[in-house]
Structures are given as structure tokens and as C-alpha cells.
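Novice: Under my numbering, the first residue of the sequence shown is numbered 7, with each subsequent residue one higher.
All residues carry an ideal CB built from backbone N, CA and C; glycine is no exception.
Just so we're clear, the structure is a prediction, and the values are computed from it rather than from any experiment.
This is the structure I want to talk about, given as C-alpha cells.
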Amino acid sequence: MRKPHFIALGSFTVVLLFGGLWWLSERLAPETRIESSPDRDDGVDLSSLSAPRDRAATADPKNARSTRDQARSKKGSMGADETSRAAGAGEGVDAVEQTPLDVRDAERVEGTVFVRGPWGSAPGSFGSLPAQESNPEGPMAIVGAAAGELLVVDQQNLRVQVFEDGRVVRSFDVTETTQDLALTKDGGAVALDRLADRSVKLYGEDGKLKNEIPIAGENIPEPGLVTGVFADDEGVWVEREHGNTVRIAGPDGAVDEQRPELPGRPTRDGRGVVAATVTDRVQGLIAVTVFERASLEHRWSRSIEFRAPVLSVVALDSDRQGRVFLVAWVGREREVSPFDIYDEGLVIVCLAAETGALVGRVETGPLGGGNETLRPVSVDDAGTVYVLRQDSAGAEIRQFRFP
7 MRKPHFIALG SFTVVLLFGG LWWLSERLAP ETRIESSPDR DDGVDLSSLS APRDRAATAD
67 PKNARSTRDQ ARSKKGSMGA DETSRAAGAG EGVDAVEQTP LDVRDAERVE GTVFVRGPWG
127 SAPGSFGSLP AQESNPEGPM AIVGAAAGEL LVVDQQNLRV QVFEDGRVVR SFDVTETTQD
187 LALTKDGGAV ALDRLADRSV KLYGEDGKLK NEIPIAGENI PEPGLVTGVF ADDEGVWVER
247 EHGNTVRIAG PDGAVDEQRP ELPGRPTRDG RGVVAATVTD RVQGLIAVTV FERASLEHRW
307 SRSIEFRAPV LSVVALDSDR QGRVFLVAWV GREREVSPFD IYDEGLVIVC LAAETGALVG
367 RVETGPLGGG NETLRPVSVD DAGTVYVLRQ DSAGAEIRQF RFP
């Protein structure tokens with residue numbers, strides 16, 4: 007019984023002896039500092055995992071919060087020399103001359119209520135996901151269709167609800183991770199799931215699944231980089247980092263192996279491609295450019311001046327006439343505690359299809375709430391603008407009409 011005790015004690019003595027020798031050598035050795043060199047890999051570069059600095063956030067609140075943080079920073083990250091990409095900001099947007107357009111006098115309006123529903127699972131209500139280890143969620147997107155028709159991605163209830171004149175008329179099933187939706191010319195729909203299934207699902211007019219297209223491939227190396235889905239007579243397009251759009255399926259719904267690109271978002275009339283760039287956040291300047299769809303030649307550009315710094319581009323859309331709708335979230339930074347954003351609002355601008363002339367502009371209250379949403383603003387074929395707001399009681403969609 008004493009032998010094991012002796013061995014344990016001897017081992018402890020050896021450890022103590024070597025530990026003391028190591029401590030003594032460290033005390034006597036000259037100080038040595040390891041310098042990091044450009045060629046040395048000291049670990050993971052976290053900057054490579056974040057969104058590029060020149061991309062302006064659209065509607066995703068994760069990006070919106072990032073944009074708010076940028077808005078609170080000094081001129082170094084919001085300075086007049088910085089050019090930021092926004093929704094549909096295709097290559098070559100900054101190379102064209104923009105005609106100034108001042109919308110600082112936009113009238114403040116509240117719009118009219120299109121629909122309001124409580125949180126829940128009954129028809130006309132909306133599912134919600136409280137914040138736990140992720141952002142809280144409500145409806146992830148709204149999509150304008152024919153005049154007076156709106157689709158709501160109610161992914162927490164595994165459905166898309168179709169509203170006509172404020173009433174639910176039908177619904178169809180989608181996955182819980184659906185984040186965006188587009189409508190096809192045959193009355194079907196295209197649903198974007200960029201994070202879980204990493205695919206785009208094509209549904210027929212009857213709401214049944216017809217095909218599923220993988221997102222990853224040529225020109226889309228990572229599905230998580232996709233920021234929207236669009237459909238037109240030429241097929242299905244996904245947007246890469248609020249920049250170019252890439253066609254992943256043809257008009258028949260089959261996979262497009264070539265995956266051609268457009269320098270922005272296709273307009274609803276099929277004749278144009280629209281892009282927007284935040285050219286000066288502090289001064290409140292956003293450039294909007296339209297290209298001819300067939301030739302990709304420049305049609306017009308406008309440099310739009312807002313009344314306050316631009317926090318993010320919330321929406322870039324069009325109607326069946328080809329008119330362009332830009333929605334910007336503007337606001338100011340409080341210079342003293344609590345250093346919050348105040349004097350904020352959404353400014354909605356409507357521009358003529360052929361010339362970019364100002365059709366109308368209004369301002370309304372901010373989106374409010376903290377729920378994650380990819381597309382909280384949409385336009386229907388007739389040019390009615392729908393804005394989704396969420397609070398503790400439920401979700402409300404208001405509409406704004408332009409002549």
C-alpha cells in the first residue's frame with residue numbers, strides 16, 4: 007500500500023522540479039516579441055466573413071442594424087468620398103452622369119390601411135418567432151401582384167397568403183425558411199430559400215411545387231449572398247449582394263447552365279434594368295440608373311437628394327408601366343446619449359419610365375419593430391406601394407398611391 011503512494015509522491019516531485027526550472031529560465035531569458043508579418047497567417051480574417059463595405063443594406067434588419075451602426079460612425083465610414091452599392095447596383099452605374107433631383111420637400115403622409123392582422127395562425131393573421139438565439143421574425147416579405155392584390159410570405163405558418171382588397175382569398179404552402187417571392191407570367195410563384203434548402207422553388211398557379219433550382223453555381227458562389235428573387239418573361243433571376251442579377255432558370259422553369267447577368271433588377275414592363283447606388287450617405291444622395299433591357303444602353307440617371315442622411319435603401323421596384331419606385335430610410339444621429347437615430351422616416355419616390363422625371367414623392371414613418379424582414383415594401387402592377395409594419399400586437403400593411 008505504501009509503494010503506490012511513493013510513486014505518486016515521486017511524480018509530483020519531478021513535476022515540481024521541472025516547473026521550477028522552466029520558471030527560472032523564463033525569468034532569466036531575454037524578452038522576445040513575435041511580430042506579425044504580412045505573409046503570416048495568424049488566424050481567420052473575420053472581415054472576409056462580413057458583407058463588403060461598399061454594399062448598402064436593403065430591407066434585411068440584420069443589414070439595417072449594420073447600416074445604423076455605420077450611420078453612428080464618423081466621416082471615415084460615411085464620408086462624401088465613399089460610394090456605396092445599393093439595391094440592384096450593377097456594374098457601371100457610377101460611370102454615367104446623373105441629373106440632380108431634389109425630394110427634400112416630400113410631404114409626410116400615413117397612407118391607408120390595406121390589411122392588419124394579429125399574431126397567430128388563423129387566415130388573415132401572421133406567424134411570429136420571438137427572439138431567442140436569432141432575430142425575431144414576422145412575415146419575411148410582401149409582393150405586389152395585380153392591382154389590389156398582395157402576397158405575404160407568412161413563413162412561420164408555412165404559407166403564402168394572397169390578399170385582394172384587404173381580404174385573404176387563398177394561400178399555398180412554403181417552407182419555414184422562405185425569405186422572398188416573385189410572380190411568374192403564368193400565374194405561378196417563385197420562392198427563395200437561400201439559407202436552408204439553398205434553392206429557388208417554382209410553384210404553379212395551383213400552388214403545387216413544379217421544380218426546384220439550386221442557387222449555387224456560375225456567378226453565385228455562395229447562396230447566402232443572394233438578396234432577392236425576380237421573375238419575368240425571360241426566366242428566374244436572383245440578385246447577388248444587392249448588385250447584378252443572375253438568371254438561374256429559363257422561361258420554362260428549366261435550369262439555365264449559362265447563368266447570364268444583368269447590371270441591376272429587371273423592370274416589370276420587361277423593357278428596362280434598374281439599379282441604385284448610395285453616392286453620399288451624409289448628404290443624403292442616391293443615384294438611380296435605368297438601362298435598356300435589350301441593348302443594356304444607358305437610358306437615364308437621376309441623383310436624388312433626400313432631406314437627411316441615408317441609412318439604407320429599403321426598396322427598388324417598378325410597376326407594369328415601367329415606372330421606378332425608390333424607398334429610402336433616412337434619419338439623423340443624436341450627438342449625445344443615447345446616441346440613437348431620430349427624425350427618421352421612409353421616403354418613397356416615383357420616377358417616370360422613359361425620362362426619370364419625378365412623378366411624385368411622399369414621406370411616411372419608419373418601419374418600426376425589430377423583426378427580421380427581407381422585403382417590407384413592394385409595388386403592385388398599377389403602381390400602388392405597400393409598406394409592412396410590425397409591432398407587439400401584429401402586422402399592418404399600408405398602401406400609398408401615385409397618379
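Are residue 246 and residue 231 closer than 8 Å when you measure CB to CB?
Specialist: Taking the sequence shown and counting its residues from 1, one reaches residue 246 at position 240. Taking the sequence shown and counting its residues from 1, one reaches residue 231 at position 225. Cβ distance < 8 Å, so residue 246 and residue 231 count as in contact.
Novice: Assuming residue 319 contacts residue 307 (C-beta within less than 8 Å), just tell me the rounded distance between them.
Specialist: Reading the sequence shown from its first residue, position 313 is the one you call residue 319. Reading the sequence shown from its first residue, position 301 is the one you call residue 307. Going by Cβ atoms, the distance from residue 319 to residue 307 rounds to 16 Å, so no, they are not a contact pair.
Novice: Taking 8 Å as the cut-off, decide whether the C-beta atoms of residue 359 and residue 238 are in contact.
Specialist: Working through the sequence shown from its first residue, we reach residue 359 at position 353. Working through the sequence shown from its first residue, we reach residue 238 at position 232. Going by C-beta atoms, residue 359 is not nearer than 8 Å to residue 238.
Novice: Once DSSP output is grouped into helix, strand and coil, what is the label at residue 87?
Specialist: Translated into positions along the sequence shown, residue 87 becomes position 81. With a pLDDT of 30 at residue 87, under the threshold of 50, the modelled position of this residue cannot be trusted, and the question is left open.
Novice: Alpha carbon to alpha carbon, how far is residue 397 from residue 114?
Specialist: Translated into positions along the sequence shown, residue 397 becomes position 391. Translated into positions along the sequence shown, residue 114 becomes position 108. Approximately 21 Å between the Cα atoms of the pair.
Novice: If you check the beta carbons only, do residue 364 and residue 337 fall under 8 Å apart?
Specialist: As a position in the sequence shown, residue 364 is number 358, starting the count at 1. As a position in the sequence shown, residue 337 is number 331, starting the count at 1. Taking 8 Å as the Cβ cut-off, residue 364 and residue 337 do not qualify as a contacting pair.
Novice: How long is the line joining the alpha carbons of residue 392 and residue 407, rounded to whole angstroms?
Specialist: Working through the sequence shown from its first residue, we reach residue 392 at position 386. Working through the sequence shown from its first residue, we reach residue 407 at position 401. Straight-line Cα distance between these residues: approximately 9 Å.
Novice: Classify residue 126 as buried or exposed, calling it buried when 16 or more other Cβ atoms lie within 10 Å of its own Cβ.
Specialist: Indexing the sequence shown from 1 puts residue 126 at position 120. It counts as exposed.
Novice: Is the distance from the Cβ of residue 159 to the Cβ of residue 168 below 8 Å?
Specialist: Here residue 159 corresponds to residue number 153 of the sequence shown, with the count starting at 1. Here residue 168 corresponds to residue number 162 of the sequence shown, with the count starting at 1. No, the Cβ-Cβ distance between residue 159 and residue 168 is not below 8 Å.
Novice: On the criterion of 16 or more Cβ atoms from any shown chain inside 10 Å, does residue 249 qualify as buried, or is it exposed?
Specialist: Position 243 of the sequence shown, counting from 1, holds the residue named residue 249. Under this definition residue 249 is a buried residue.
Novice: Given that a residue counts as buried once 16 or more other Cβ atoms are within 10 Å of its Cβ, and exposed if not, what is residue 145?
Specialist: If you number the sequence shown from 1, residue 145 lands on position 139. With 16 or more other Cβ atoms within 10 Å, it is buried.
Novice: If we ignore side chains and look at the alpha-carbon of each, how far apart do residue 325 and residue 150 end up?
Specialist: In the sequence shown, counting from the first residue as 1, residue 325 sits at position 319. In the sequence shown, counting from the first residue as 1, residue 150 sits at position 144. Cα to Cα, the separation comes out at about 9 Å.
Novice: Across which residues does DSSP place residue 367 in a beta bridge pair?
Specialist: Residue mapping note: residue 367 aligns to position 361 of the sequence shown, counting from 1. For residue 367, which the question treats as bridged, DSSP gives the partners 355.
Novice: Distance, Cα to Cα, residue 131 vs residue 402?
Specialist: Numbered from its first residue, the sequence shown carries residue 131 at position 125. Numbered from its first residue, the sequence shown carries residue 402 at position 396. Between residue 131 and residue 402, the C-alpha separation is close to 10 Å.
Novice: For residue 272 and residue 384, I'd like the C-alpha separation in whole angstroms.
Specialist: If you number the sequence shown from 1, residue 272 lands on position 266. If you number the sequence shown from 1, residue 384 lands on position 378. Rounded to the nearest angstrom, the two C-alpha atoms are 15 Å apart.
Novice: Roughly how many angstroms separate the alpha carbons of residue 309 and residue 195, rounded to a whole number?
Specialist: Reading the sequence shown from its first residue, position 303 is the one you call residue 309. Reading the sequence shown from its first residue, position 189 is the one you call residue 195. A straight-line Cα-Cα distance of about 34 Å links residue 309 and residue 195.
Novice: Does DSSP put residue 231 in a helix, a strand or coil?
Specialist: Taking the first residue of the sequence shown as 1, we reach residue 231 at position 225. Helix, per DSSP.
Novice: In whole angstroms, give me the CA-to-CA distance for residue 112 and residue 174.
Specialist: Within the sequence shown, residue 112 is the residue found at index 106, counting from 1. Within the sequence shown, residue 174 is the residue found at index 168, counting from 1. Between residue 112 and residue 174, the C-alpha separation is close to 33 Å.
Novice: So, with DSSP's three-state summary, where would you put residue 435?
Specialist: No answer is possible for residue 435: the residues shown for the chain start at 7 and end at 409.
Novice: Please report the distance separating the alpha-carbon of residue 226 from that of residue 342.
Specialist: As a position in the sequence shown, residue 226 is number 220, starting the count at 1. As a position in the sequence shown, residue 342 is number 336, starting the count at 1. Using only the alpha carbons, I get a separation of about 43 Å.
Novice: Could you check what DSSP says for residue 162 in three-state terms: helix, strand or coil?
Specialist: On the sequence shown, residue 162 is found 156 positions in, with the first residue counted as 1. DSSP places residue 162 in helix when its eight states are reduced to three.
Novice: Give the range of the beta strand (DSSP E) segment to which residue 410 is assigned.
Specialist: A question about residue 410 goes unanswered here, because the residues of the chain that appear run from 7 up to 409.
Novice: Residues in its own chain within less than 8 Å of residue 292 by CB, not counting five upstream and five downstream?
Specialist: Translated into the one-based positions of the sequence shown, residue 292 becomes position 286. Correct list, in chain order: 92, 282, 283, 284, 285, 309, 310, 312, 316, 319, 332, 334.
Novice: Express the C-alpha separation of residue 180 and residue 106 in angstroms, rounding to a whole number.
Specialist: Position 100 of the sequence shown, counted from the first residue, corresponds to residue 106. Position 174 of the sequence shown, counted from the first residue, corresponds to residue 180. One C-alpha to the other measures close to 43 Å.
Novice: Go through the stretch 280-342 residue by residue and report every complete run of the beta strand (DSSP E) that reaches 3 residues or more, in order.
Specialist: 291-298, 304-311, 316-324, 330-339
Novice: Who are the Cβ neighbours of residue 409 in its own chain at under 8 Å, not counting the five residues just before and after it?
Specialist: Here residue 409 refers to the residue found at position 403 when the sequence shown is read from its first residue. Excluding positions up to five away in sequence, the list reads 365, 366.
Novice: Starting from residue 207, follow the beta strand (DSSP E) in both directions and report where the run begins and ends.
Specialist: Your numbering for residue 207 matches position 201 in the sequence shown. Element bounds for residue 207: 205-209.
Novice: By alpha-carbon positions, which one of 399, 382, 404, 263 ends up nearest to residue 147?
Specialist: Indexing the sequence shown from 1 puts residue 147 at position 141. The residue with the shortest Cα to Cα distance from residue 147 is 382.
Novice: Along the chain, where does the beta strand (DSSP E) containing residue 384 start, and where does it finish?
Specialist: As a first step, residue 384 is located in the sequence shown; it is residue number 378 there, counting from the start. Residues 383-385.
Novice: Given residue 152, which residues of its chain have a CB within under 6 Å of its CB, disregarding the five upstream and five downstream residues?
Specialist: Taking the first residue of the sequence shown as position 1, residue 152 is located at position 146. If we look at residue 152 and ignore the five residues flanking it on each side, its Cβ neighbours are 387.
Novice: Excluding five sequence neighbours on each side, which residues of the same chain lie with their C-beta closer than 6 Å to the C-beta of residue 234?
Specialist: Position 228 of the sequence shown holds residue 234. Taken in chain order, the residues that qualify are 186, 245.
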